[in-house]
Every structure is written in structure tokens, then in C-alpha cells.
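**Q**
In this note's numbering, the protein residues as written are 208 to 944.
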């Protein structure tokens, strides 16, 4: 039956579109997918083409043009009809196919991911069209849609209360209409408008009544506790920006910290240097109670090879001159320069401007921007850095015992000891308790840094709360949750030291990354790769006679300084010639709580691991489930074409005569699947004659005689299976649809 292009049929396609739209609604909220309206437009075009049943060739051409135009609009500056971009995209697609074969999923380019997403939507529209037009059944897709949105409602910040109501209404409506069409097709029922109204009006009343009763009826409280309470807290308290897990990586907005994040192993840059270093992107100097902001902006321009106008260390601090070569990844999108502490010069940068490369540093947050000659942002690709690595002496670091207006200005001191007036007093009280008995700033800073090694505090990327409107971010971590990642630890140390009058600032950047190989260009150097998982934050404390000194309070991390404690030896964290210093972790990792390092099974730990895995891979898991369901449905639908071949292959090389017993029963099942069902109380001989009359053959009768002989005598003439197998194979082949 060919579905007519009338109003009821149009409504079926509208309902199919609405069901598929429910799959797209959470994507924009839970992921960093942008331009979601473009994908919705693609769905509309696809459903319209399917409704009018345009030839598949023209449908494919129109959809492919739309996909290519969208990719050109998203990722390329060249016009759509300037085919240089198409050549670049095809080359990128070929590279990405190689990555898929190599299973390097994280390295797929954004444009290729977009292309794959379009193809997925294309397939989904085809399946819905097939279910609507050919099968007149859409329950499986309706059921999967309900499962999809309810799982997201449970395990993510997505609120699916209205979505569930929408899906139920649309699902019941489309299934009711498909039932109507099936009756028309099967029973030859009159399809006049009056009969249609008699069917649709009760259907609409039933749906409306069911939905209203469901909304108004009292509902029992949940039996199980919320599996992701911190996500719920993020949604209820943190507002739109704070809700939901964030994807780890460098970002510019730190005004609202907190909440869980999802790991991301996509590379950011590689560097060739003499050991590992922490990499700075910017600093923040104002704590708001919810996060960090910069107090202002003081931009200063400079050129390549100029001394970078940033204060690192006074001249009395001994330093070691180092150089490093940095290669940013092709997907790095910022025009900011990453650099180690003590940066001196930026040299040999690409892309090179013939009129001279320009840089701008904001000396308030120490973020270095790379600019074209016309002041437009330019993403750096390759550059060399010259920097000085400090060698501190503990005696010099312990000199400062308090604020001295002759050593630093009052304005500077107030800027870097600022805390909100609403900061709970117990934060300062805790800092004073930790530093009790310490007489200088360095020992106090080390005491606070060491305090977070206490077993009370747990490094966790998932169960991380967001402060409510009346809560302070640091106070909540220190006294309530005691669970968090680098932002929690570093912010808490900076604020505690500020509360007792020690100037600090908050640093954002990356840890040293993963060792890749030894350098072939610079003897003794190593090459490291830094990914988004290496995004990190730490603290710098100001000592008037030593400058800004880095501290690492995050549990499980160590950015050891080169400090001479007067024993003739110094502690150094990055001068080892080994490729992976053991005291500097490659990336942020969850540290096991010592209390739980037992062999006993811990359900909560397993649940947390499963939940974290779901957070980081839910898109792939949902896609895999959809593909498996689609493939399984198609295989089940066409099982009449492939299953008999498996049966034939199974018995092709068997030689024992008693194989006829099992093979004959399989043939009966296959004949029933084909449509030749054996009636109740029908003898095998009568059934065999019925099958032979249907196929115009005598093969079933001859095979049945051999089977009955084996069944009653448990014996057959030697070699009889060879002849019986030919009869059996011929009958199996006749059932192939």
C-alpha cells in the first residue's frame, strides 16, 4: 500500500519529526554542539522530501548539497562555489577515515564529526520513513525515545519532565494513526472522512485524558536516591552556566567554579624541551566567592625577540637559561601563547608576518595574545620560547615575615590579599590554625599547601558540588564537601593565605603532559604532548625579595621547585633526564581514598566509576545502542534472506547419518517461518504432501520417509545422509525469501 499524500499522512511525518527532535533537544545543553538549528532544518528538509516520495537520487543530491553547504559555512572562509575548500574537506575526510581505521576517535576533526552527525540524522529519517510507510509500526523508536530521555533525565542535568509528556502524546498519536492505516490495508475498511473522524476523535480524547490524569495524579517519592546529587545541585543552585558537567580544558570564564567535568584527551600542543614544566595561560587576582575574575586590564604591546614585559623574578634570584619549542595542535583555537614561568622572549613564531609579528600582554592577568599586523587575532602554530628557571634558596624565601610598605605598595598588597567581605570567618580561622607557630610567609604557605594532603580531602572530578546563592565556593569545599579537583584546592589555598595577609594569585594553564619520545633535533631534550586532560590551576605566592613563587596544593600533584635548603642539595622537579619524572603526574587523575584501599567490594566506588564512564562516553554509547538496534532490526527483518545460508553452511560438511534428526526439525522451523505452518494433529506424512504440493516436488515426502525410519528404528543405511542432505538443502533453498 502506497501512503497517500493527504493530511493524515502529513501528520504522521510531523509526529515522526517531533519524535526525532526529542533526540536533538538535550544535545545543545549537555554538549558543546553549536548551530543545532541547522540540524533541525536538515531534518525538516529530509522529512519533506520523504513525504513527497521524491526519487532517492534527487533526495541524496539535495541532502548532500545542504550538508556540504553547512560544513562550508561552519568551518571554511572560502565561498561555497570556490571549490578549493571542497578539496581541503575531502583530504580531511580521507585522513579521518584513516583515524577511524586506527581507532583514534579523539583525533577526528570537527568538520568530519559534523559530517558523520548529518549522515546519522539522514539514516534516522530513512528508518522513520520506512517504519511509517512500509511497516506501519513505530513502537520501537517511540520506546527508545522514552528510554533515551528518561536516562538523560536521571543521569544528567537535562530536565525531561515536559519532554516525556511531549513524547507520550506524540507516540500515542502516531501509533493510533498507524493502527488505523493497518486496518485500512488489512481489512479493506472504508476510508471515508466520516470513518476517519470516528477513529481520530476518540483517539485524541483518550490521549488528552490520559495525559491530564498522569499530570494531575499524585506521584510517589523516588525509591532510590538521586544517583547524581551533585549534578542536581548544580542545576538547582548554580544556574544555567553552572549546571551539568563541563568538558575539561582551558576556558576564559572562571567566574562560576564548581560542578563535575568530563575528561577530554584531545591534544592541545607538543613541546620539545629539557624536562617537564607547568605551562601558564593567565592569572586571576580577584576572588568573588563563586570564582575568579581579573580586576582590570593593562595591555602592553611588544614585538618578536623583545623582552616580554612581565615581572617574574628579581635579579638576585639565580636562574638557569632554557629554551623550548612549541607546536600547537591543528584544533587549538585561541590566539594565546602558553609559556613556562620566567618567560623572557618569544622567537621564531609561525605563521610569520612579513611586516612583523605583534604580541600584546595584559600585565594584570599576564595573558599573552598573538596578533596579525592589523591587530586581528592570530592562532600560533609553531614558536620557540626563551625562559629562565629559578633556583631558590630556602633562607631567602623565609626572609619575609609580614607586610612592609617599603617593599611593596599598599595598592599592590591590597589587590593580592583581597577577599570578599562575605567570606565566612571560619576560613581565616582554619588558616590561622594551620599556620600556627610559623613565623614567615614561606613556611605558612608550605603548611597550607601540605594541609590538603590530609585524608579528609578527596580528589574527585565527578561528585563536585556547586555553591548555592548564599554559599562561598572555598568555604563549601573546606568544610562541607571536601571533594573536588584542582580549582577547589588552588582556590582554597589562595584564599586562606590572603585571609591571613599573604599576597597570592590564581594561575590557569597546563601540567607537563605525557612523554612521547626523545628529541632528534636537540640532544638530551624530550618531546611531551599536552592534552585537555592536562588543564590545571595552581597558586603563586608573592615574596618581595623573590617574586612570584609557584605552589601546588592539589592532592596527588607536585610541581616541585628548585630550592636549596642549605644542605648542599636542591630539590628539583624538572631537571631530571628521565622522560617521565615520577613526582610530576601526567594529568589530573582521581586519587584513591586510602580508607578504601581494601580488597572488599565497594558498590559506591563501582557506581561512581560507571557513572563517570557514562558522563565521558554517553554520546558514543547512545550512538552505539542506536546503531545496534537499527542493524539488529534490519537483520531480523531480512532474516529470511540470510538465515537459511547459515543453516546450509552448518550441515554442509557433516557426514554422520544421524544428522537427519536435527536437520529435519530445523527444516520444519524454517518452513513455518516461511509460512507453511504445520497444523495441530497433522501427521508428518500429510504435512510432507502439503509441502510438496506447494513446491510441486516430491522431496519433502522422500525426506520425511528417511526421518521416520531413523525416528522409529534409530538406524539408517550407511551413507544415506548424503542423499538426504541434497533433498534437505533443496527444500531449505526454496524457503529463501
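Glycine residues also receive a C-beta, built at the ideal position from the N, C-alpha and C atoms.
Please read these numbers as outputs of a predicted model, since none were measured by experiment.
1) Could you check what DSSP says for residue 736 in three-state terms: helix, strand or coil?
2) Would the beta-carbon of residue 520 fall within 9 angstroms of that of residue 602?
3) What residue ranges within the stretch 740-766 form continuous beta strand (DSSP E) runs of no fewer than 3 residues, ordered along the chain?
4) Since residue 742 contacts residue 455 with CB under 8 angstroms, what's their CB separation in whole angstroms?
5) Which two residues bound the contiguous beta strand (DSSP E) that contains residue 489?
6) Tell me the DSSP secondary structure of residue 301 in three-state form.
7) Closest to residue 539 by C-alpha separation, out of 591, 476, 488, would be which residue?
8) Does the stretch 637-657 touch the stretch 605-612, meaning 3 or more C-beta pairs lie closer than 8 angstroms?
9) Are the C-beta of residue 471 and some C-beta of chain D separated by less than 9 angstroms?
10) Quick check: the Cα distance between residue 557 and residue 542, rounded to an integer number of angstroms?
11) Hey, quick one: how far does the alpha helix (DSSP H) through residue 155 stretch, first residue to last?
12) Could you have a look at residue 653 and say whether DSSP puts it in helix, strand or coil?
13) Give a yes or no on whether the C-beta atoms belonging to residue 908 and residue 892 are separated by under 9 angstroms.
14) Using the rule of at least 16 other Cβ atoms within 10 Å of the residue's Cβ for burial, across every protein chain shown, is residue 346 buried or exposed?
15) When DSSP builds the beta bridges, which residues end up paired with residue 715?
16) What separation, rounded to the nearest whole angstrom, lies between the Cα atoms of residue 679 and residue 459?
17) From 765, 709, 733, 761, pick the residue whose C-alpha is nearest to that of residue 754; which is it?
18) Name the residue from 322, 867, 488, 388 whose alpha carbon lies nearest to the alpha carbon of residue 277.
19) Note down the Cα distance separating residue 888 from residue 853, rounded to an integer number of angstroms.
20) Please classify residue 890: is it buried, with 16 or more other beta-carbons within 10 angstroms of its beta-carbon, or exposed?
21) Does the stretch 344-358 come close enough to the stretch 370-388 that 3 or more CB-CB pairs lie under 8 angstroms?
22) Would you identify the three-state DSSP class for residue 354, choosing helix, strand or coil?
23) Helix, strand or coil: which one does DSSP assign to residue 691?
24) Which first and last residues belong to the beta strand (DSSP E) in which residue 593 is found?
25) Take residue 444 and list the residues in its own chain whose beta-carbon comes closer than 6 angstroms to its own, dropping the five residues that flank it on each side.
26) Are residue 614 and residue 751 closer than 9 angstroms when you measure CB to CB?
27) When you compare each of 868, 516, 512, 698 to residue 949 by their alpha carbons, which one comes out closest?
28) Is residue 231 near residue 254, with beta carbons less than 9 angstroms apart?
29) Just confirm the distance between the C-beta atoms of residue 486 and residue 716, as a whole number of angstroms; I'd bet it's less than 8 angstroms.
30) Assess contact between the stretch 687-706 and the stretch 723-739, defined as three or more Cβ pairs (one per stretch) separated by less than 8 angstroms. Is contact present?
31) What are the boundary residues of the alpha helix (DSSP H) that residue 199 is part of?
32) Please tell me whether residue 638 and residue 567 are closer than 9 angstroms, where the distance is taken between their beta carbons.
33) Which word fits residue 381, buried or exposed, when buried means at least 16 other C-beta atoms lie within 10 angstroms of its C-beta?
34) With 16 other CB atoms within 10 Å as the buried threshold, where does residue 312 fall?
35) Can you list, in chain order, the residues of its chain whose CB lies under 7 angstroms from that of residue 870, leaving out five sequence neighbours each side?
36) Flag this pair as yes or no: are the beta carbons of residue 235 and residue 356 separated by less than 9 angstroms?
**A** Reading off the structure:
1) By 1-based counting over the chain shown, the position of residue 736 is 529. Strand.
2) For the purposes of this step, residue 520 is identified with residue 313 of the chain shown, where counting begins at 1. For the purposes of this step, residue 602 is identified with residue 395 of the chain shown, where counting begins at 1. It is not a contact, given that the beta carbons lie outside the stated cut-off.
3) 742-750, 754-758
4) Residue numbering aside, residue 742 sits at position 535 when the chain shown is read from its first letter. Residue numbering aside, residue 455 sits at position 248 when the chain shown is read from its first letter. Rounded, the Cβ-Cβ distance is 5 angstroms, consistent with contact.
5) Numbered from its first residue, the chain shown carries residue 489 at position 282. Looking at the DSSP string, the run of the beta strand (DSSP E) that includes residue 489 is 486-491.
6) Within the chain shown, the letter at position 94 stands for residue 301. Three-state result, residue 301: helix.
7) Stepping through the chain shown from its first residue, residue 539 is reached at position 332. That would be 476, whose Cα lies nearest to the Cα of residue 539.
8) yes
9) Looking at the structure shown, chain D is missing, and only one protein chain is on hand.
10) Looking up residue 557 in the chain shown gives position 350. Looking up residue 542 in the chain shown gives position 335. Roughly 12 angstroms separates the two Cα atoms.
11) This structure cannot settle anything about residue 155, because the visible part of the chain is limited to 208 through 944.
12) Looking up residue 653 in the chain shown gives position 446. It is helical.
13) Position 701 of the chain shown, counting from 1, holds the residue named residue 908. Position 685 of the chain shown, counting from 1, holds the residue named residue 892. In this structure, residue 892 lies closer than 9 angstroms to residue 908 by Cβ.
14) Here residue 346 refers to the residue found at position 139 when the chain shown is read from its first residue. Flag for residue 346 reads exposed.
15) The residue given as residue 715 occupies position 508 in the chain shown. Answer is 489, 744, bridged to residue 715.
16) As a working mapping, residue 679 is identified with position 472 in the chain shown. As a working mapping, residue 459 is identified with position 252 in the chain shown. Between residue 679 and residue 459, the C-alpha separation is close to 21 angstroms.
17) Locating residue 754 in the chain shown gives position 547, counting from the first residue. Nearest of 765, 709, 733, 761 to residue 754, Cα basis: 709.
18) Here residue 277 corresponds to residue number 70 of the chain shown, with the count starting at 1. Residue 322 is the option with its Cα nearest to residue 277.
19) Locating residue 888 in the chain shown gives position 681, counting from the first residue. Locating residue 853 in the chain shown gives position 646, counting from the first residue. Computed Cα separation, rounded: 30 angstroms.
20) Your numbering for residue 890 matches position 683 in the chain shown. That one is exposed.
21) yes
22) By 1-based counting over the chain shown, the position of residue 354 is 147. It is helical.
23) Locating residue 691 in the chain shown gives position 484, counting from the first residue. Strand, per DSSP.
24) On the chain shown, position 386 is the one that residue 593 refers to. Where residue 593 is concerned, the enclosing beta strand (DSSP E) stretches over 589-600.
25) As a position in the chain shown, residue 444 is number 237, starting the count at 1. Residue confidence is low: residue 444 scores 38 on pLDDT, short of 50, so the model does not pin down where it sits. No coordinate-derived value is stated.
26) Here the question's residue 614 lines up with position 407 in the chain shown. Here the question's residue 751 lines up with position 544 in the chain shown. Going by C-beta atoms, residue 614 is nearer than 9 angstroms to residue 751.
27) Residue 949 is absent from the model: the chain starts at 208 and stops at 944.
28) Residue numbering aside, residue 231 sits at position 24 when the chain shown is read from its first letter. Residue numbering aside, residue 254 sits at position 47 when the chain shown is read from its first letter. It is not a contact, given that the beta carbons lie outside the stated cut-off.
29) By 1-based counting over the chain shown, the position of residue 486 is 279. By 1-based counting over the chain shown, the position of residue 716 is 509. So it is a contact: roughly 5 angstroms between Cβ atoms.
30) no
31) Limits of the chain in this structure are 208 at one end and 944 at the other, which puts residue 199 out of reach.
32) Position 431 of the chain shown, counted from the first residue, corresponds to residue 638. Position 360 of the chain shown, counted from the first residue, corresponds to residue 567. Not a contact, by the Cβ cut-off of 9 angstroms.
33) By 1-based counting over the chain shown, the position of residue 381 is 174. Residue 381 is buried by the Cβ-count criterion.
34) Taking the chain shown and counting its residues from 1, the one referred to as residue 312 is at position 105. Result: exposed.
35) As a position in the chain shown, residue 870 is number 663, starting the count at 1. Counting only Cβ-Cβ distances below 7 angstroms, and skipping sequence neighbours, we find 858, 935.
36) The sequence position of residue 235 within the chain shown is 28, counting from 1. The sequence position of residue 356 within the chain shown is 149, counting from 1. Going by C-beta atoms, residue 235 is not nearer than 9 angstroms to residue 356.
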